[in-house]
Structure formats: C-alpha cells, structure tokens
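Below is one structure, written out as structure tokens, with a few remarks after it.
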C-alpha cells in the first residue's frame, strides 16, 4: 500500500495534477480493501457490500466537490472536516436503505456525471514548491493507517458499513490536503477533478466484485477487474477531455 501512495504522488509531480489525480482515482486503496474483505470474510460477503459501496462512492464524489469549493475559502482542516461531513451525510442517508444494484449504479453514474459537469475548472497553474523530505513518507503513513483500520473493522461493521467505507476517501483526502497545503486551492481542484474522472472505472470495478468474485478464484477475479478498470478509465478520460 505505501508504494502506491508514493507512486501516485510522484506521478502528480511529473505529469501534473489532472493526470496524476486520474491515476490516483483508480481503486488502489478501495481495491485492496475489497480484496482483503473477500479473503477474510468470504466472497459472498464481499459481493454483498457492493450496493452500499456504490452509495459510499457517491459520498466520495460529494467529498471532492465540497473540498474543491471550500479550499479557496478556508484552511485545509475545516475544508477537510466539511468534506468528510458531506461523505458521512450520504453514508448515513443510505443506512437501512440498501438499494438494489441497478438503482445504485444508475444513481452513481448520474451524480458523478452531474458533479463533473459543475466542478470548478481552474485554468491557472502554479509553480511547484519545494517538498519537505518527509512529504511522501507522511502520506504513506496516513493512508496505511486508514486502510488497516477499515480492513480490521470490516467483520465488526457488517456488509452495509463495510461497503459504505470501502470507497472512503483515503487517497482522495490525502492528495487533497497535501496539495492544498503545498500548491494551493487551484491545484487541489485539478487533482480532485482528475480523481473523479477515474470514478467510472470504480463503478465497473464494484459491479465486477458483485458478479465475478463469488464465481471464480478471488485472486483471478481481482486481476481481471484491475485490467477492466484500467480500460474503462482510459476510455473515460478521453471522452471527458473532449467535453471539457
């Protein structure tokens, strides 16, 4: 897990916030969380988390939107707390109302498309500041703590909360906060837009968890889903750039 955070951070520095954010939007963290849930609790349990995970993904979409709006107006900490609040409002609203899979997929795609349409579109680019030596290790540490906690809590929380928290914005919040502190709100909006542009692939990934994981070896299923997710996100970023 730590090398993934380091790799995404370096990709942002090399190719810019938009493309780096798109790379960060792949299920680098939610995927392993889902995988370990399947290993520790069984394939059927992992599949049963999918409708709730789709609702949690909507929460992550609103997290990114709220943070991008709040970042130019406030310090990173209140912006982060406000964005987490948006995530948990969606999470709490879906408790006790586990949706059907078609409804959750349709709602996710509609919300994601709408948010991408209204998302702040900064044009100016800032020069990179010098990064402190502890920047990447700190990002790796923060993200790893989140992953360990969520994975360990899965069997205690049950499939609904496990599903909702699978797409918890670990990568999103880590990149948003560090970018906000080091590069400012405009760069933060670009990286969050890039992250969201990869969310269509995450929807397909979750559908695959529901469909493939219970019927084939877990490792093979997740390997196939990794390839499919990359293909979908490659197509999505091309279409989004044509519309932007």
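Residue numbers (my numbering): 22 to 265.
Note that CB positions come from ideal geometry on N, CA and C, so glycine has one too.
Problem set entry | Residue environment, residue 227, which counts as buried when at least 16 other CB atoms sit within 10 Å | Position 206 of the chain shown holds residue 227. Label assigned to residue 227: buried.
Problem set entry | Of the listed residues 242, 107, 231, 247, nearest to residue 75 (C-alpha basis) | On the chain shown, residue 75 is found 54 positions in, with the first residue counted as 1. Checking every option, the nearest Cα to that of residue 75 belongs to 231.
For this session: Return yes when the Cβ of residue 31 is within less than 9 Å of the Cβ of residue 202, no when it is not.
Result: Taking the first residue of the chain shown as position 1, residue 202 is located at position 181. Taking the first residue of the chain shown as position 1, residue 31 is located at position 10. No, Cβ-Cβ distance for residue 202 and residue 31 is not below 9 Å.
For this session: Classify residue 248 as buried or exposed, calling it buried when 16 or more other Cβ atoms lie within 10 Å of its own Cβ.
Result: The residue you call residue 248 lines up with position 227 of the chain shown. The residue in question, residue 248, is exposed, as its Cβ has fewer than 16 Cβ neighbours within 10 Å.
Exercise. What is the residue span of the alpha helix (DSSP H) that residue 15 lies within?
Worked result: Missing from the structure shown is residue 15; the chain here goes from 22 to 265 and no further.
Problem set entry | Buried or exposed by the 16-neighbour rule on C-beta atoms within 10 Å, applied to residue 252 | One-based indexing of the chain shown puts residue 252 at position 231. Label assigned to residue 252: exposed.
For this session: For residue 183, count neighbouring C-beta atoms within 10 Å of its own C-beta (all shown protein chains included) and say buried if the count is 16 or more, exposed if not.
Result: Numbered from 1 along the chain shown, position 162 holds the residue referred to as residue 183. Burial call: buried.
Problem set entry | Nearest-angstrom beta carbon gap, residue 164 and residue 191 [assumed within contact, 8 Å] | The sequence position of residue 191 within the chain shown is 170, counting from 1. The sequence position of residue 164 within the chain shown is 143, counting from 1. Confirmed, Cβ separation roughly 5 Å.
Exercise. In three-state terms, what does DSSP make of residue 177?
Worked result: As a first step, residue 177 is located in the chain shown; it is residue number 156 there, counting from the start. Residue 177: helix per DSSP, three-state reduction.
For this session: Could you tell me the distance, in whole angstroms, from the CA atom of residue 53 to the CA atom of residue 68?
Result: For the purposes of this step, residue 53 is taken as the residue at position 32 of the chain shown. For the purposes of this step, residue 68 is taken as the residue at position 47 of the chain shown. Roughly 14 Å separates the two Cα atoms.
Exercise. For residue 140 versus residue 210, is the C-beta distance shorter than 9 Å?
Worked result: Taking the first residue of the chain shown as position 1, residue 140 is located at position 119. Taking the first residue of the chain shown as position 1, residue 210 is located at position 189. A contact, by the Cβ cut-off of 9 Å.
Exercise. Quick one: is residue 38 buried, meaning 16 or more other Cβ sit within 10 Å of its Cβ, or exposed?
Worked result: Looking up residue 38 in the chain shown gives position 17. Buried: at least 16 other Cβ atoms inside 10 Å.
Problem set entry | Contact belief for residue 49 with residue 86 at Cβ below 8 Å, rounded distance in angstroms | As a first step, residue 49 must be located in the chain shown, where it is residue number 28. As a first step, residue 86 must be located in the chain shown, where it is residue number 65. So it is not a contact: roughly 21 Å between Cβ atoms.
Exercise. For residue 121, is the classification buried or exposed, using 16 other Cβ atoms within 10 angstroms of its Cβ as the cut-off for buried?
Worked result: Position 100 of the chain shown, counted from the first residue, corresponds to residue 121. Under this definition residue 121 is an exposed residue.
Exercise. Secondary structure at residue 49, three-state DSSP: helix, strand or coil?
Worked result: As a position in the chain shown, residue 49 is number 28, starting the count at 1. Residue 49 falls in the coil class under three-state DSSP.
Problem set entry | Cβ pair residue 181, residue 213 closer than 9 Å | To locate residue 181, count along the chain shown from 1; it is residue 160. To locate residue 213, count along the chain shown from 1; it is residue 192. No, the Cβ-Cβ distance between residue 181 and residue 213 is not below 9 Å.
For this session: Within its chain, find whatever has a CB closer than 6 Å to the CB of residue 100; leave out the 5 residues flanking it on each side and keep chain order.
Result: Here residue 100 refers to the residue found at position 79 of the chain shown. Around residue 100: 88, 91, 92.
For this session: May I have the straight-line CA-CA distance separating residue 1 from residue 55, to the nearest angstrom?
Result: A query on residue 1 cannot be resolved here, the shown segment of the chain reaching from 22 to 265 and no further.
For this session: Below 6 Å CB to CB, which residues in the same chain sit around residue 59 once its five sequence neighbours on both sides are set aside?
Result: For the purposes of this step, residue 59 is taken as the residue at position 38 of the chain shown. If we look at residue 59 and ignore the five residues flanking it on each side, its Cβ neighbours are 67, 234, 239.
For this session: Could you pull out every unbroken alpha helix (DSSP H) segment of at least 4 residues lying fully inside the region 98-162, listed in chain order?
Result: 122-139
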